[in-house]
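In what follows, a single structure is set out as structure tokens and then discussed.
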Amino acid sequence: MKVFSIVLIVSLIITFCIISLIAQVNDNIETITLEQETQKPKSITQILATPLRDIDDNNQLNETNFDYLIDYNNITYITTEKELYQQIDSLYSQLQDDYSIFYEVIREEEAKRREYQRLEKPIASVDIEQIDSKVFARGNILFGVSYGSIRRTPEITTPISSYIKENFNVNQDMRILSTSKIGDKVNVDIEFDQRSAINRFNVSYKEPEQSQQFNPPPQNIPTPKYDDNKPFVRELTFGEVSFSKPISKYITFTAISKSAQGIKFVGKNNNFYIEAIGTLTTTIPSKKTFTGTKRVNERIIRDIDFVKRKYFKLPDSNIDVNSISLLISVSISETPDVVIDGIPFKKLIQGSDYSFDRILSEIELKYNLERNKSLAIFYTHNSGQNITISSNIYRGNGSDGKEYLYLYKSELGYSPFELKNIYTIDSAELNLSRDIEITVYYTSDPTINAPFQFTSQDYYIDIYKGIIRFKSLTPFITNANYDIYSLPRDPIDSESTYSIRVKYYENVISYQLDFDIVEDSEEVRINGVLIPKDKYSILYPIGRITFKDPTLINEGDIVEISYEYRSFFGSSQKLSLGMISEYSPTTFFNTKLSTAIWTSQTRGSAPTISTLPPEAGIITSIVNTINLQELLNIKDNFKGDLSFEYAVSIVNPNSFGSAIVEDFESNKKSFILSKDEDNWYLSPESVNDGCYNTNRGKLLYKDYRQYFANESFVLMSFNWNLPNEQILPYSQKPGPYISSGGRLSPGDFPNVSQISIIFDYDFSDGEWVGSILPISSAGLDLSDLTEIIISYQLQMDNDNNNVYEDNNTNKLIFLFQLGQFSEDLDGDGILDYEITTSQNGFEFNNTTNGNVITRIGGGRKGSGNGKIDSEDFNKNGRLDTNENYVSFSNIIEGSDWKKITISTPSLSPTEKDILRKTYAVRIILKKLNGIKGRVIIDEIQLKFKTSSTYKVDGIILQNPYQIVSTTISVYDSPLYQKNRFFNIEAKTQEEKERLQEYSYLHGTGALSIAEAKSIDETSLRILYNLSNVNISTNFSPYQGGKEATTVIRFNASQNFSHYSKLIFYVFIPTKNELGQPIKLPSDTLSDENIIIRLLSKEKDYFELEIPMDRLKKDEWNRIEVRIREDYTIIINN
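Under the numbering used here, residues -9 to 1123 are what the sequence shown spells out, in order.
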């Protein structure tokens, strides 16, 4: 049965969720690493050959060296102190004859001890308490004072090296290592390094190990005795801790980091030993790979990260250099050079405090100007002419009788002279002989590229200063409500719209890793070969590794470096608890129990299934050991142990409990065209559309801003009672203009700020008006465009009193065009442009008589708009007049808010090719009925395919009419808004359940009603048009088709095996946005199915088939697949 224009809204907002997680027992167990540091003891031969040092008496000598008498090569394992002394006892008989010889050697060494000096000596020792308490400290303090003076030739404008400093300079570095001992049991260790981010503090309580004392041998050597009266608590440590006993040869514990801060406890008595630690770890494992002596580096720069208050552009050219006097405001306690408007100023020295570029007329400060400081300048230009000061706001009167220009005035917080198109790239080793790649993407979602991209013609890089400078003064397109270049303050993080990813080649001197690397956690390999530590050095705090021998690495060598580092902003914290206990009920039997528990901090919202979710788990190991030598009472020539080991682990791979597969909100495939009025220009004539320069109407400009005394303003609604002086004449500045307000009801979206761009037309002397918006100088690929949505409202003013009526009777032809347009806006054959940012626009001439009709690029107050405007949109330095565009035509009329929806899948291949290089957008309004009025547009949204692959009956098609998938939002669809999934004012039981589920997954439980209503909820929309016959390839486009498929690919493979349930929601509307039925009365859903496939490979997939006639219409359907219950499907409970 053929289906006509059926709309299926599939929302995988919750998709794959886990209600219960399955615990798993693994053979390959991964949890907590237990480490032991052992030191190989010296042999008796080594002792006799080594001078004894710092020995006060014979007993101390024996205590110090007794352990060295044991033949460790013949001892496999010593478990308890009793075993130790049994081994010692067994050696006495062998040492009986040789002991006196050994003792004589000791006596000789004691006699010679005055000939030896101490080899290790603490730098400082301060007695806190006599004998019992001492502090040992060592360190160094480097203190340097220098004075320098710089003289330079005035003609040299290059900056002075930062290593050359003037006047007095003081440098100090300090490092202290301190070990404190309080009594015999408490130790305090402090490490402080002024240059390092790694500073440690450890406090430990530890019982001193029991020592054995020996006297000169009597006639018969007695059996040694040991003391059983020591306390049970042997050690308590706060700081960096790790296990000191090994656990197993077969189990590796990896959940505790090499750098774990925590607490450690050790207890011990005759037969029992216990060791426990608790740690909180925030380190992150990482691995970086570099290739050869040149590497590709990457730097992320946000639009708000421009260099602030350092570069300034003067409004005049041909500056008389010797006349420049640049001054900075100072406190009233300092002696000023000049007082300007009652504020003291100090003069800055050219070449030392700033540099001046004569060609560009630009000032570069040595250091960024503080926000609470003001900067003023006096100069003359063109052999004595005065400064051009366009506004009294920036005019200052000096005590020396001169008139100064404020380049920056602290109370304003904004300067039109400040250059904000310069960004720091920080690479002194940048290799400009290789290509540099710059990609612009949305800051909120790095996977979505911005609607414009930069080419090498848009910027240049200064490797000496480490900056990238864009030719445009406002390089990033921004919405008017987030004009980051005109704020009276520094922009904040939330106001960043775009970021750029800069990839470039660097000559490798050293390799940059992450900051704050854990010491000794690294492993370095070149072409797979492990490199010893003495071949390189690492500055752990800053993460810089340098190879001592540069010849180790050749051009094509692969350098792999693995390590752990501490995150500045913190990853999910991991809490780990571990315990080792050991019990020896007899001399031949020993049992060890080890347990480790770890859990990661959960976030406020569910993780995506492709990311690393928070993990929790437990592992337990039991090792029973039988000493066969003791069991069988065998004394000679036999040593053997019999061990039995058992271990179990339980892991929760996602301690949050659920994961989001896709909610379509973070991957929204659309963007909204700029509503910044300064980015729109008057359109060139369009001969094909009957729009000529001779019949052009007027596109008017009106300033809907309420101004205050300090020149700040608030953007007002288009219904505001506009003052007459803010209605600008067409000869001064053309439209369009902006205002606040839009189609969204404040009651439904209370926290959404709306901006509209307004086309105010006057057809008294013409038939059309138009405006053009450049979106990319290199051409933007819009070939995947599927839909254009334009929301508008018409108002009329036919009586010419500037009062607009909502009961509009005017009618217009609305042309929306994408492609390449002529840059010659006025058709005079001349490339028009502004020279300075303060210029009041470039001329727009009458092609008949050459008279100036209006000016483009001027500001609202009659001066410049803060940027240099030009007809050279593609920045190639010439006037291009070629045109190649795609046009969409609609007739607009009526009063209320309406929406134009333009579907683009049916475009021809030629039109698709045009959209692959889209340079600009043009809107033309043509007169049908009415003289004066305006079109208020609050959104122009371009939507793109969510899938790059479509199939019809198994045949892959690029642009089939049978199926298309896009995202749909509560902002752009009244139907979706009415039936939104997340309804904070839920009334029905189903709405309350959805509210609870959405809040659980997205962490929205604490939002207010206004905040919740303003969430831009988005889902996947699938439009399909199938028939009851298979696809036929004999037509173009292909006709028919019984099955249509849209493919959404994940960036990384996803593991569903841990989860027990798959949940997703489907909404099937019966009417479209206009309230018209989607299906014919004779058409039903009885033979239509939704099929969802999860593919590992093309022919290896899980398939779920749901009959559509089983689902509710015009309501959300909850579909649950119980993976652990033979894939039982539950629909709507």
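All C-beta atoms, glycine included, are put in the ideal place defined by N, C-alpha and C.
(request) Determine the DSSP secondary structure at Ile927, reduced to helix, strand or coil. (result) strand
(request) Would you please state the rounded distance, in angstroms, between the beta carbons of Ile913 and Leu805? I believe it to be under 8 Å. (result) 7 Å
(request) Within the same chain, show all residues whose beta-carbon is closer than 6 Å to that of Ser773, passing over the 5 residues directly before and after it, in chain order. (result) Lys902, Leu905, Arg906
(message) For a quick check, are the C-beta atoms of Arg289 and Ser489 less than 8 Å apart?
(response) no
(request) Note down, in chain order, each residue of its chain lying with its Cβ closer than 8 Å to the Cβ of Asp473, except the 5 sequence neighbours on either side. (result) Asp666
(request) Look at the alpha carbon of Leu167 and the alpha carbon of Val178, and state the distance between them as a whole number of angstroms. (result) 11 Å
(request) Give the straight-line distance between the Cα atoms of Lys692 and Ile383, rounded to the nearest whole angstrom. (result) 23 Å
(message) Can you give me the C-alpha to C-alpha distance between Ser315 and Tyr449, rounded to a whole angstrom?
(response) 31 Å
(request) Would you kindly work out how many angstroms separate the C-alpha atoms of Val492 and Ile428, rounded to a whole number? (result) 5 Å
(message) Suppose contacts are defined by Cβ-Cβ distances below 8 Å. Is Ile846 in contact with Leu815 by that definition?
(response) yes
(request) Would you kindly work out how many angstroms separate the C-alpha atoms of Ile927 and Ser781, rounded to a whole number? (result) 6 Å
(request) May I ask you to report which of helix, strand or coil DSSP gives Ile913? (result) strand
(message) Let's test the definition: count the other Cβ atoms within 10 Å of the Cβ of Gln807 and tell me whether it reaches 16, buried, or not, exposed.
(response) buried
(request) Only counting runs of 3 or more residues, tell me where the beta strand (DSSP E) segments fall wholly within the region 594 to 644, in order along the chain. (result) 606 to 617, 631 to 642
(request) Would you kindly check if the distance between the Cβ of Ser707 and the Cβ of Asn797 is under 8 Å? (result) no
(request) Identify, in the order they occur along the chain, each residue of the same chain with its Cβ nearer than 7 Å to the Cβ of Arg970, setting aside the five sequence neighbours on each side. (result) Val960, Glu1007
(request) Taking 8 Å as the cut-off, decide whether the C-beta atoms of Lys303 and Ser351 are in contact. (result) yes
(message) Is the separation between the beta-carbon of Thr891 and that of Glu1078 shorter than 8 Å?
(response) no
(request) Pair every Cβ in the region 943 to 952 with every Cβ in the region 1032 to 1051, then say whether three or more of these pairs are closer than 8 Å. (result) yes
(request) Flag this pair as touching only if the region 782 to 796 and the region 760 to 769 have three or more C-beta atom pairs under 8 Å; answer yes or no. (result) no
(request) Just mark Ala699 as buried or exposed, buried being the case when its beta carbon has 16 or more other beta carbons within 10 Å. (result) exposed
(message) Within 10 Å of its beta-carbon, does Val1019 have 16 or more other beta-carbons around it, so buried, or fewer, so exposed?
(response) exposed
(request) Confirm, please, whether the CB-CB distance from Ile779 to Lys889 is below 8 Å. (result) yes
(message) Using a 10 Å radius around the Cβ and a threshold of 16 neighbouring Cβ atoms, would you call Arg348 buried or exposed?
(response) exposed
(request) Give me the Cα-Cα distance between Ser761 and Arg299, rounded to the nearest whole angstrom. (result) 34 Å
(message) What would DSSP say about Arg459, mapped onto helix, strand or coil?
(response) strand
(message) Count Cβ pairs between the region 679 to 696 and the region 746 to 760 that sit closer than 8 Å; are there 3 or more?
(response) yes
(request) Count the C-beta pairs between the region 915 to 931 and the region 965 to 979 that are closer than 8 Å, then say yes if the count reaches three, no if not. (result) no
(request) Report the residue from Phe739, Glu861, Val911, Gly856 whose alpha carbon sits nearest the alpha carbon of Phe878. (result) Val911
(message) At the level of alpha carbons, what is the spacing between Phe749 and Met786?
(response) 12 Å
(message) Just to check my reading of the structure: Val193 and Gly252 have Cβ atoms closer than 8 Å, yes? What is that Cβ distance to the nearest angstrom?
(response) About 12 Å; that fails the 8 Å criterion.
(request) Decide if Ser676 is buried, meaning its Cβ has at least 16 other Cβ atoms within 10 Å, or exposed. (result) buried
(request) Go ahead and label Leu618 buried or exposed: buried means 16 or more other beta carbons lie within 10 angstroms of its beta carbon, across all protein chains shown. (result) exposed
(request) Would you identify the three-state DSSP class for Thr900, choosing helix, strand or coil? (result) helix
(message) Helix, strand or coil for Ala976? Go by DSSP, reduced to three states.
(response) coil
(request) Please report how far the alpha carbon of Ile532 lies from the alpha carbon of Thr281, in whole angstroms. (result) 21 Å
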